[in-house]
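These notes are about the structure you will find just below.
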Amino acid sequence: MLHLSNVTLTYPDGENGTLNALDSVDLTVPAGQMLALVGPSGSGKSSLLAVAGALVSPTSGTVHIGSTEITGASQAERARMRLNEIGLIFQQPQLMPSLTAVEQLQLVGVLRGHRPRAVQDAALESLAAVGMSAAARRRPHQLSGGQRQRVNIARALMGEPSVLLVDEPTSALDQHRSAEVMELLATLTRDRGTATVVVTHDLEFVEVADRAVTLRDGRLTAHATV
Ligand SMILES: Nc1ncnc2c1ncn2[C@@H]1O[C@H](COP(=O)(O)OP(=O)(O)OP(=O)(O)O)[C@@H](O)[C@H]1O
1 MLHLSNVTLT
11 YPDGENGTLN
21 ALDSVDLTVP
31 AGQMLALVGP
41 SGSGKSSLLA
51 VAGALVSPTS
61 GTVHIGSTEI
71 TGASQAERAR
81 MRLNEIGLIF
91 QQPQLMPSLT
101 AVEQLQLVGV
111 LRGHRPRAVQ
121 DAALESLAAV
131 GMSAAARRRP
141 HQLSGGQRQR
151 VNIARALMGE
161 PSVLLVDEPT
171 SALDQHRSAE
181 VMELLATLTR
191 DRGTATVVVT
201 HDLEFVEVAD
211 RAVTLRDGRL
221 TAHATV
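Once you know that position 80 of the sequence shown is 80 in full-length UniProt numbering, the rest is easy, because the numbers rise by one and skip nothing.
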């Protein structure tokens, strides 16, 4: 479960002014639900993901992941949450050119202090969950854009996160592949019980989500029912 309560994020703006990138945002995403987040450019979508992902501390308000309040947590605890509880998926898959698909995932395990062999099964299982078993030994240049995004998603699942934060996952993909990736995210959300937030510009994919909200000037409003 992801819960934001009265979250405001303020940046300095101009000489003496300030700008509320997020303004009194209340949001709850239960486990196993996928929320679509839409809104015009500059409305605060990336800011919301950054705050929910413990990358940026809000100016005021609280963020809970499960029963842990990440806003009040120490630096070390926030780092632990980022590693173990939060899966981040960005627009462009950031894959290492020299590593195979399975090695990209094993690297996450190694960063957590495990040996590559010890995390191989988890890596292969994660690739299977996104339909990429057959391409486990391929390097990024041998994969299509859609396949690279699947590896990216599989990597985010490696720590069995309870929260998945996804920023425009389909912006580099054609319509058909975009639909596949959104369906995959919806399935993973249900199967793994993650609280998932997907930023999307594409209103067509909003209906794949359980619920949609719109950000405008940092304020959240309900989107038309989906
Ligand atoms: N580090 C920063 N310093 C100052 N202002 C910032 C900073 N980051 C974001 N902003 C401002 O906060 C507001 C929200 O930005 P944000 O990137 O969250 O919007 P967005 O909805 O993700 O936009 P886009 O769809 O273009 O990516 C914008 O007005 C932006 O200029």
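The beta carbon of each residue, even a glycine, is placed where N, CA and C say it ideally should be.
Using a 10 Å radius around the Cβ and a threshold of 16 neighbouring Cβ atoms, would you call Thr225 buried or exposed? The predicted position of Thr225 is uncertain, since its pLDDT is 48 and thus under 50; a value taken from the coordinates is nonetheless stated next. Exposed is the call here.
Does the count of Cβ pairs from the stretch 113-131 and the stretch 161-177 closer than 8 Å reach three? no
Which two residues bound the contiguous alpha helix (DSSP H) that contains Leu49? 45-52
I need the straight-line Cα distance from Met96 to Pro12, nearest angstrom please. If I take the Cα positions, the gap works out to 36 Å.
Say the cut is 7 Å; is the CB of Gly44 nearer than that to a heavy atom of ligand 1? yes
Can you tell me which of the three DSSP states Ile153 falls into? helix
Is the separation between the beta-carbon of Val199 and that of Ala209 shorter than 8 Å? no
Just the C-alpha distance for Gly218 and Ala52, rounded to the nearest angstrom, thanks. 14 Å
If you pair each beta-carbon of the stretch 66-84 with each one of the stretch 130-148, do three or more pairs fall below 8 Å? No: the two stretches stay apart, fewer than three of their Cβ pairs being nearer than 8 Å.
Specify whether the stretch 48-63 and the stretch 3-20 touch according to this definition: at least 3 beta carbon pairs, one from each stretch, less than 8 Å apart. yes
Using only the heavy atoms of ligand 1, determine whether one of them is closer than 7 Å to the beta carbon of Ser41. yes
Ala172: beta carbon under 7 Å from a heavy atom of ligand 3? Among the ligands modelled here, namely ligand 1, ligand 3 does not occur.
Check whether the stretch 144-161 touches the stretch 69-80, counting contact only when three or more Cβ pairs, one atom from each stretch, lie closer than 8 Å. No, because fewer than three Cβ pairs between the stretch 144-161 and the stretch 69-80 fall closer than 8 Å, the two stretches do not touch.
CB-CB length for Gln91 against Asp202, believed under 8 Å: Incorrect: roughly 12 Å between the Cβ atoms, too far for contact.
For Pro161, which residues in the same chain have their Cβ closer than 6 Å to its Cβ, ignoring the five residues on either side in sequence? Taken in chain order, the residues that qualify are Glu85, Ile86, Gly87.
Roughly how many angstroms lie between the CA atoms of Arg80 and Arg117, to the nearest whole one? 23 Å
In DSSP terms, what Asn20 is bridged to: For Asn20, DSSP records a beta bridge to Thr10.
Contact check, Arg78 vs Val108, beta carbons under 8 Å: With respect to Val108, Arg78 sits apart: the two C-beta atoms are not nearer than 8 Å.
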